[in-house]
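Residue numbers (our numbering): 371 to 415.
Next comes the structure, spelled out in structure tokens:
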């Protein structure tokens, strides 16, 4: 699970991890960050 949100608070990031998210991006999403996050999640699985 990769969370994409407009909120960038640490509490949102931590809550997402506790719920199973493997990635967290803040809008507006930069293409390079999206690709990097997807690659990291795929490598970890």
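Just so it is clear, CB atoms sit at the ideal spot from N, CA and C, and this is done for glycine as well.
Remember, it's a predicted structure, so these values are computed and weren't measured experimentally.
Can you give me the start and stop residues for the alpha helix (DSSP H) that residue 405 sits inside? Following the DSSP letters along the chain, one finds residue 405 inside the alpha helix (DSSP H) bounded by residues 401–414.
Proximity to residue 415 [Cα-Cα], best of 405, 397, 392: If we check each option's Cα against that of residue 415, 392 comes out closest.
Limits of the beta strand (DSSP E) - the one that residue 372 falls within: Annotation: the continuous beta strand (DSSP E) that includes residue 372 extends over 372–375.
So, is residue 373 buried or exposed, given that buried needs 16 or more other C-beta atoms within 10 angstroms? The Cβ neighbour count for residue 373, taken over all protein chains shown within 10 Å, is at least 16; the residue is labelled buried.
Count the CB pairs spanning the stretch 376–384 and the stretch 392–401 that are closer than 8 Å, and state whether there are at least three. The stretch 376–384, when compared against the stretch 392–401, does touch it at the 8 Å Cβ threshold.
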